[in-house]
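Enquirer: Residue numbers (our numbering), protein chains in the order written: chain V, 10 to 349; chain G, 10 to 349; chain Y, 10 to 349; chain B, 10 to 349. Built from N, CA and C at the ideal position, the CB exists for glycine as well. Nothing here was measured: the structure is a model prediction, and the numbers come from that model. Below you will find the structure I want to go over with you.
There are 4 protein chains.
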Amino acid sequence: MFHFDTDYMEGAHPMVMQRLLETNLEQTPGYGTDSYCDEARQLIRKACGDDSLDVYFLVGGTQTNATVIDALLSHHEGVVAAASGHINVHESGAIEASGHKVLTLPSHNGKVDAQELKQFINDFYADETYEHMVAPGMLYISYPSEYGTIYTKAELQQLHAVCQKAHIPMFIDGARLGYGLSSDAADITLPELATLCEVFYIGGTKVGALFGECVVAHQGLLHHFTSLVKQHGALLAKGRLLGLQFGTLFTDNLYFRIARHAVEQAMRLKAGFVAKGYAPFIDSPTNQQFFTLPNDVMDRLAQRHTFEVWGRRGETHTTVRFVTSWATKPEDVEALIADL
Amino acid sequence: MFHFDTDYMEGAHPMVMQRLLETNLEQTPGYGTDSYCDEARQLIRKACGDDSLDVYFLVGGTQTNATVIDALLSHHEGVVAAASGHINVHESGAIEASGHKVLTLPSHNGKVDAQELKQFINDFYADETYEHMVAPGMLYISYPSEYGTIYTKAELQQLHAVCQKAHIPMFIDGARLGYGLSSDAADITLPELATLCEVFYIGGTKVGALFGECVVAHQGLLHHFTSLVKQHGALLAKGRLLGLQFGTLFTDNLYFRIARHAVEQAMRLKAGFVAKGYAPFIDSPTNQQFFTLPNDVMDRLAQRHTFEVWGRRGETHTTVRFVTSWATKPEDVEALIADL
Amino acid sequence: MFHFDTDYMEGAHPMVMQRLLETNLEQTPGYGTDSYCDEARQLIRKACGDDSLDVYFLVGGTQTNATVIDALLSHHEGVVAAASGHINVHESGAIEASGHKVLTLPSHNGKVDAQELKQFINDFYADETYEHMVAPGMLYISYPSEYGTIYTKAELQQLHAVCQKAHIPMFIDGARLGYGLSSDAADITLPELATLCEVFYIGGTKVGALFGECVVAHQGLLHHFTSLVKQHGALLAKGRLLGLQFGTLFTDNLYFRIARHAVEQAMRLKAGFVAKGYAPFIDSPTNQQFFTLPNDVMDRLAQRHTFEVWGRRGETHTTVRFVTSWATKPEDVEALIADL
Amino acid sequence: MFHFDTDYMEGAHPMVMQRLLETNLEQTPGYGTDSYCDEARQLIRKACGDDSLDVYFLVGGTQTNATVIDALLSHHEGVVAAASGHINVHESGAIEASGHKVLTLPSHNGKVDAQELKQFINDFYADETYEHMVAPGMLYISYPSEYGTIYTKAELQQLHAVCQKAHIPMFIDGARLGYGLSSDAADITLPELATLCEVFYIGGTKVGALFGECVVAHQGLLHHFTSLVKQHGALLAKGRLLGLQFGTLFTDNLYFRIARHAVEQAMRLKAGFVAKGYAPFIDSPTNQQFFTLPNDVMDRLAQRHTFEVWGRRGETHTTVRFVTSWATKPEDVEALIADL
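Quick look at the structure:
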């Protein structure tokens with residue numbers, strides 16, 4: 010079987026595994042206070058072009074979202090997100106379990122619109138009863154979105170301007186950040202991204218690490234964050250494992266090189282489908298590709314390939330998702346297209 | 010430097026690393042639904058002597074405690090624990106962040122007393138205002154305790170009997186379970202432990218795994234647990250990593266063999282200190298050893314060895330903790346004793 | 010000025026005040042354990058036609074919703090409600106502060122649709138990733154709704170049937186229950202309502218009491234509810250005040266008689282507007298009436314009358330809400346219509 | 010029967026009832042925005058000798074404690090309190106339900122000691138692992154305490170100095186504030202109290218109001234407090250009721266005059282017991298009095314008087330509590346003493 014279900018089906022990039030192996034019996038202090046973490050933090054700061062950034066390592070995406078959002082919100086505030094946002098749909102209520110409401114905006118193929126955000130905030134404060142409502146306390150977006158789409162630089166600037174005017178921080182969920190920034194459609198760099206929001210995270214789990222997410226925040230913004238990470242059960246005892254992985258991924262640009270590979274395979278996959286007459290369901294420029302297929306075609310593909318069912322389209326068609334990763338073999342993509 | 014600070018300073022046992030490496034590029038479904046997890050669950054059930062047990066894999070200890078406790082308690086209940094319990098002291102308020110109070114009993118070198126537990130529960134229900142108080146909803150103990158001590162079988166039976174009479178579950182934090190059960194002082198086996206409580210966890214992070222804790226529960230007790238694990242940010246995307254590690258540790262009794270090694274080194278360490286005239290501060294039969302040393306002796310040792318300061322004893326002495334692990338080299342113990 | 014802003018602008022019905030005054034210096038035990046509360050519970054049970062019902066008294070609506078919902082939901086569950094539901098919009102995130110998500114259905118003039126609820130639940134369990142999503146754990150509706158509309162008996166039966174099939178309780182927010190049941194459009198009685206859901210509350214604050222909401226639940230459903238009410242800060246020390254008020258309101262049918270008065274005034278108000286050519290914005294049969302007025306008409310009315318602005322309709326018109334209560338004077342309604 | 014169980018057994022002071030009655034049919038806007046609340050806030054500020062204070066009205070004590078503490082603490086912080094503190098014992102876990110730990114100090118007849126507080130804070134920050142522990146984020150004390158005792162001015166100054174040095178706010182639970190400040194043992198005035206802490210509340214429920222607690226805070230300290238009060242279900246729709254009651258109590262010094270009455274009755278009660286040879290169990294100068302009685306004496310008293318059992322003292326004696334209030338009749342005290 011060839012697997013296109015998702016981008017966390019394999020382990021880690023071989024260079025990451027090698028470094029874990031080489032250092033396996035070294036003794037280091039815990040909880041991210043070791044030299045590998047320090048080194049990785051420096052490499053991340055350098056890649057972001059800003060030595061003043063605060064850098065933290067956590068284990069997984071849901072815990073990272075819940076912890077960052079808990080750190081940024083006051084008790085009376087909620088987080089604004091697309092209705093399709095991961096935090097609103099697929100985190101088992103982790104945000105609410107921390108006491109915070111997710112305030113939803115319409116999802117435009119996974120993205121929120123700056124005008125709609127502005128209107129939402131204006132409407133909130135125009136409402137005489139706003140003290141009885143949950144205040145918009147921050148913005149959450151994902152880059153790329155859950156639909157594989159990415160924001161343009163202009164869109165991010167507009168969103169950020171709305172947030173700054175409302176004095177609320179903007180947080181970017183970068184679980185698949187590499188696959189976004191290495192897309193041909195991306196018109197921003199990592200250093201630019203770092204200035205277009207207050208906090209973001211660089212996803213490791215889906216982009217070459219065994220596991221791990223790296224939170225990057227403007228200096229001093231995340232108060233007492235280590236305590237909060239511990240409280241959320243997200244502080245890895247053997248912090249070294251995270252430092253080592255991100256250190257390796259941010260040496261010689263490995264992170265973006267392997268992400269680029271995934272995007273290239275996704276583009277080949279998309280081209281193959283288009284060549285056979287299937288228009289994309291969503292025009293994603295990143296490693297997630299969506300097509301609506303006749304059910305018999307889908308069933309035929311399913312004999313040799315795995316993928317995720319995204320939604321039924323009437324009786325006869327189904328939208329499915331194919332995901333590539335840093336580990337996707339070109340021949341697997343070819344086999345998929347051949348079987349189409 | 011020789012490090013005796015704690016038992017999570019190295020990576021994983023080499024056989025664990027080897028298995029991670031061998032399977033690194035295999036593609037498996039996520040979140041613990043893969044065959045390695047299934048296999049590990051079977052091995053754990055077998056080691057526990059009960060095929061009906063529910064087995065789950067989480068990443069770290071704090072998140073495991075918080076998730077299990079949240080699963081077991083109703084809204085109006087709290088968890089009873091020793092005042093010295095990890096959940097009461099060193100988890101940054103993770104239990105309270107889930108809305109639950111920690112109800113404390115006196116700590117007897119890390120252990121709670123069955124009579125005191127019984128009295129606590131009786132006093133609660135004898136109080137006319139008990140509906141205004143937090144109900145004892147479960148018992149949390151650690152085996153070994155934070156002081157290296159372990160409960161006897163009789164003590165566990167007594168505690169369990171009190172819990173059963175009060176219709177509340179008993180949960181054992183086994184972050185260092187291997188180091189307890191492989192101690193000469195242990196008078197129970199893993200299958201016995203599994204019958205002496207409703208839920209416990211087998212610590213991996215400190216006993217041979219890179220990371221990972223394995224929750225074992227009586228069948229059907231932890232309702233909707235996967236959702237709750239996800240909500241607590243504790244559901245590892247690449248669940249395979251956990252299944253593989255525990256599968257390896259529970260093949261050929263590896264888990265207990267390497268735990269036994271740590272205990273043997275701890276006993277050699279203790280004997281060395283005793284031979285030089287230092288009585289143990291707490292008589293621990295497991296991998297944590299506590300001694301009160303004159304400050305000049307402590308300072309001399311600190312030149313070549315690291316360890317944790319446990320508490321000042323007046324102006325001239327300090328209690329310190331030495332911890333061995335599966336990875337401790339006999340020659341390191343010898344060097345420590347030689348330097349004493 | 011004549012006030013039509015809302016239905017909690019006055020104090021209590023004079024008979025309620027008289028009873029409070031008469032008993033003011035009596036000494037009673039606290040927290041709802043007094044004989045006035047017992048008596049009121051019996052009267053409520055009788056009015057509901059079911060001696061087995063559990064009856065509790067709380068102080069206000071938001072705390073009642075938050076406490077009941079917290080009591081009914083497990084940790085992994087959320088409450089399904091109309092997007093316009095009070096709990097989703099106007100309770101400052103009280104539900105989320107207790108850790109629970111509000112799962113929204115479309116609002117049809119404040120009401121949810123049984124087919125849409127059924128589809129929502131079906132879609133949830135059809136989703137392979139449902140364990141990563143918040144489970145629909147109960148239904149919340151309001152009767153009358155925030156838009157003054159009420160469900161028909163058939164609609165309630167359909168909703169209840171969907172809930173029963175999904176094994177989730179149905180909870181009715183009856184902050185304005187009297188104004189709903191005494192409407193000409195109501196085709197159910199209080200005893201019928203009590204069988205068409207598992208829990209509901211009878212609003213006192215807006216219907217003749219100084220304050221107070223009375224929760225009615227199927228027997229044994231709300232486990233340890235007194236503790237939870239206390240935990241939510243909703244257990245009134247002088248519980249007698251609540252028992253006395255509800256006892257008075259449920260003697261000689263006072264509750265429904267005064268509610269009927271409010272509805273009659275609302276119907277006169279509506280008829281007056283219609284007679285002058287203004288069609289209702291929403292066709293509400295209860296004590297809240299909504300009209301879209303030219304701004305100059307609205308401004309003219311505002312010189313002598315107060316009401317709530319419900320929303321702008323372009324540049325020239327505004328939808329406003331007029332609310333009557335048990336205390337509304339017929340001559341005030343006449344003055345309003347005369348000024349139209 | 011004569012009731013000495015507690016101080017919330019009657020309704021409200023007759024002048025409070027009269028004002029509620031006089032204004033019953035007036036129409037006022039909700040949620041504390043009416044003129045009666047404004048007036049009461051001015052009266053309270055004047056009584057506190059500081060026009061800059063923020064004043065809020067809530068309904069009950071538990072909700073007031075939970076809301077204020079939630080407002081003052083960050084996510085990683087807990088509230089320091091005496092082990093005997095109401096928030097630690099008798100609020101059904103309300104503080105933890107908001108996510109915060111209660112950090113306990115020894116109770117000295119209900120009071121905490123400044124040196125012990127200082128040591129606690131010092132120990133916390135001296136601990137290398139303090140980021141894994143719950144930070145002391147504020148101090149909670151009660152005046153009078155749950156044992157009827159009160160702090161001296163010097164003690165309050167010392168506690169406040171420790172808090173100020175640690176940059177944490179100090180909060181005084183004044184559920185029985187009147188009974189403390191009007192005691193002969195009190196060496197502070199209300200204006201002095203207002204400078205010796207950052208937030209306190211003036212208890213109404215137990216001191217002449219039907220219900221209601223008045224939070225007084227240094228200006229700007231309680232951010233977005235109205236939203237938080239609403240979120241905690243503690244925002245009374247008919248806010249007027251609270252404003253009127255506190256306005257009445259703080260006109261012509263009524264609050265302290267009626268509190269003084271209760272204290273005088275308590276002192277007479279104490280003197281009567283002492284005269285008959287019973288030494289106080291705790292030497293309380295306020296309206297709660299504690300005596301250890303032979304069980305036969307207790308049983309005899311119980312035939313005509315009610316009181317609270319505080320604790321068994323061996324087989325033959327019991328400590329009981331007698332509470333007076335603004336409504337206690339002198340002849341009831343005499344009857345009690347006569348029956349002794």
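1. Kindly give me the distance between the Cβ atoms of T315/B and M24/B, rounded to whole angstroms, as I take these residues to be in contact under 8 Å.
2. Do you know whose CA, among Y156/V, E125/V and G102/V, lies nearest E164/V's CA?
3. What does H109/B touch in chain V if you count any residue whose Cβ is under 9 Å from its own?
4. Please confirm if M142/Y has its CB atom under 9 Å from at least one CB of chain V.
5. Spatial neighbours of I346/V within its chain, please: C-beta separation below 6 Å, excluding the five flanking residues on both sides.
6. Would you mind giving the Cβ-Cβ distance between P178/G and M147/G, rounded to the nearest angstrom? I have them listed as a contact below 8 Å.
7. Among G20/V, E86/V, G102/V and T158/V, which residue has its Cα nearest to the Cα of F290/V?
8. Can you list, in chain order, the residues of the region 43-74 of chain Y whose Cβ is nearer than 7 Å to any Cβ on chain B?
9. Against T37/V, what residues of chain B qualify as contacts under a CB-to-CB distance less than 8 Å, listed in chain order?
10. Check whether the Cβ atoms of G69/G and A246/V lie closer than 9 Å to each other.
11. When you compare the region 255-271 of chain B with the region 44-54 of chain B, are there three or more beta-carbon pairs, one atom per stretch, that lie closer than 8 Å?
12. To the nearest angstrom, how far is it from the Cα of A184/V to the Cα of I181/G?
13. With DSSP collapsed to three states, give me the class of Y139/G.
14. Do G87/B and V171/B have their C-beta atoms within less than 9 Å of each other?
15. Could you tell me which of Q36/B, W319/B, G20/B and N296/B sits nearest to T37/Y, measuring between CA atoms?
16. How about the region 199-212 of chain Y and the region 220-232 of chain B: do they share at least three Cβ pairs that are nearer than 8 Å?
17. Terminal residues of the continuous alpha helix (DSSP H) containing V171/B?
18. Within its chain, find whatever has a CB closer than 6 Å to the CB of Q167/B; leave out the 5 residues flanking it on each side and keep chain order.
19. Taking A3/V and P145/V to be in contact with their CB atoms under 8 Å, please state how far apart those CB atoms are, rounded to whole angstroms.
20. Sort T76/G, T333/G, N118/G and H95/G by Cα distance to A103/V and report the nearest one.
21. When you compare the CB of D182/B with every CB in chain Y, is at least one pair closer than 9 Å?
22. Do V332/G and E343/G have their C-beta atoms within less than 9 Å of each other?
23. Evaluate V283/V with the Cβ neighbour count: other Cβ atoms within 10 Å of its Cβ, from every protein chain shown; 16 or more gives buried, anything less gives exposed.
24. Can you pull the chain B residues whose beta carbon is under 7 Å from the beta carbon of K279/V, in chain order?
25. Give the secondary structure of T235/B by DSSP, where H, G and I count as helix, E and B as strand, and everything else as coil.
26. For K239/G, tell me which candidate among T161/G, L349/G, T73/G and P339/G has the shortest Cα-Cα distance.
27. Just to check my reading of the structure: D193/B and P294/B have Cβ atoms closer than 8 Å, yes? What is that Cβ distance to the nearest angstrom?
28. Indicate the three-state DSSP secondary structure (helix, strand or coil) for P145/B in the structure shown.
29. Which residues of chain G have a Cβ atom closer than 7 Å to the Cβ of S236/V, listed in chain order?
30. When the distance is taken between beta carbons, is S151/B closer than 9 Å to A268/B?
31. According to DSSP, is C206/B part of a helix, a strand, or is it coil?
32. I believe Y160/B touches I78/B by the beta-carbon criterion, under 8 Å. Please report the beta-carbon distance rounded to the nearest angstrom.
33. What residues are listed by DSSP as bridge partners for S151/G?
34. Given E140/G, which residues of its chain have a CB within under 7 Å of its CB, disregarding the five upstream and five downstream residues?
35. Nearest chain V C-beta to A135/B closer than 9 Å, yes or no?
36. Look at the alpha carbon of D16/G and the alpha carbon of E137/Y, and state the distance between them as a whole number of angstroms.
Expert: With the given structure in hand:
1. Position 306 of the fourth sequence, counted from the first residue, corresponds to residue 315/B. Position 15 of the fourth sequence, counted from the first residue, corresponds to residue 24/B. About 27 Å separates the two Cβ atoms, so there is no contact after all.
2. Counted from its first residue, the first sequence places residue 164/V at position 155. The residue with the shortest Cα to Cα distance from E164/V is E125/V.
3. In the fourth sequence, the residue the question calls residue 109/B occupies position 100. Under the 9 Å cutoff, chain V gives no residues; its nearest Cβ is about 11 Å from H109/B.
4. As a working note, residue 142/Y is residue 133 in the third sequence. Closer than 9 Å: yes.
5. What you label residue 346/V is simply residue 337 of the first sequence in a count that begins at 1. Excluding positions up to five away in sequence, the list reads G281.
6. Start at 1 with the first residue of the second sequence, and residue 178/G comes out as number 169. Start at 1 with the first residue of the second sequence, and residue 147/G comes out as number 138. 5 Å between Cβ atoms; contact.
7. The residue you call residue 290/V lines up with position 281 of the first sequence. The option with the nearest alpha carbon to F290/V is T158/V.
8. V68, G69, T71 and Q72
9. As a working mapping, residue 37/V is identified with position 28 in the first sequence. The contacting residues do not exist; T37/V stays about 16 Å from chain B at best.
10. The residue you call residue 69/G lines up with position 60 of the second sequence. The residue you call residue 246/V lines up with position 237 of the first sequence. In contact: G69/G and A246/V (Cβ atoms closer than 9 Å).
11. yes
12. If you number the first sequence from 1, residue 184/V lands on position 175. If you number the second sequence from 1, residue 181/G lands on position 172. Cα to Cα, the separation comes out at about 34 Å.
13. Numbered from 1 along the second sequence, position 130 holds the residue referred to as residue 139/G. Helix, per DSSP.
14. Here residue 87/B refers to the residue found at position 78 of the fourth sequence. Here residue 171/B refers to the residue found at position 162 of the fourth sequence. Not a contact, by the Cβ cut-off of 9 Å.
15. Along the third sequence, read from residue 1 onward, the residue named residue 37/Y stands at position 28. The shortest C-alpha separation from T37/Y is found at G20/B.
16. no
17. On the fourth sequence, position 162 is the one that residue 171/B refers to. First-last of the alpha helix (DSSP H) with V171/B: K162 to K174.
18. Working through the fourth sequence from its first residue, we reach residue 167/B at position 158. Answer for Q167/B: A123, listed in chain order.
19. Because residue 3/V is not part of the residues shown, which for chain V are 10 to 349, the question remains open.
20. Residue numbering aside, residue 103/V sits at position 94 when the first sequence is read from its first letter. Measuring from the Cα of A103/V, the nearest candidate turns out to be T76/G.
21. For the purposes of this step, residue 182/B is taken as residue 173 along the fourth sequence, with counting starting at 1. Closer than 9 Å: no.
22. By 1-based counting over the second sequence, the position of residue 332/G is 323. By 1-based counting over the second sequence, the position of residue 343/G is 334. Result no, Cβ atoms of V332/G and E343/G do not sit closer than 9 Å.
23. Translated into positions along the first sequence, residue 283/V becomes position 274. Classification of V283/V: exposed, given that the 10 Å Cβ count is below 16.
24. Your numbering for residue 279/V matches position 270 in the first sequence. Correct list: empty, because the minimum Cβ distance to chain B is about 43 Å.
25. Position 226 of the fourth sequence, counting from 1, holds the residue named residue 235/B. DSSP places T235/B in helix when its eight states are reduced to three.
26. Here residue 239/G refers to the residue found at position 230 of the second sequence. Among T161/G, L349/G, T73/G and P339/G, the Cα nearest to that of K239/G belongs to T73/G.
27. By 1-based counting over the fourth sequence, the position of residue 193/B is 184. By 1-based counting over the fourth sequence, the position of residue 294/B is 285. With a Cβ gap of about 6 Å, D193/B and P294/B count as contacting.
28. On the fourth sequence, residue 145/B is found 136 positions in, with the first residue counted as 1. Correct three-state label for P145/B: strand.
29. In the first sequence, counting from the first residue as 1, residue 236/V sits at position 227. Near S236/V (Cβ distances below 7 Å), the residues of chain G are S101.
30. One-based indexing of the fourth sequence puts residue 268/B at position 259. One-based indexing of the fourth sequence puts residue 151/B at position 142. No, the pair does not count as a contact, with Cβ atoms beyond the cut-off.
31. To locate residue 206/B, count along the fourth sequence from 1; it is residue 197. In the structure shown, C206/B sits in coil (DSSP, three-state: anything other than H, G, I, E or B).
32. Here residue 160/B refers to the residue found at position 151 of the fourth sequence. Here residue 78/B refers to the residue found at position 69 of the fourth sequence. With a Cβ gap of about 19 Å, Y160/B and I78/B do not count as contacting.
33. Position 142 of the second sequence, counted from the start, is the residue given in the question as residue 151/G. Answer by DSSP bridge pairing, in chain order: D182/G.
34. Numbered from its first residue, the second sequence carries residue 140/G at position 131. Answer for E140/G: no residue qualifies.
35. Your numbering for residue 135/B matches position 126 in the fourth sequence. Answer no: the Cβ-Cβ gap between A135/B and chain V never drops below 9 Å.
36. If you number the second sequence from 1, residue 16/G lands on position 7. If you number the third sequence from 1, residue 137/Y lands on position 128. Rounded to the nearest angstrom, the two C-alpha atoms are 39 Å apart.
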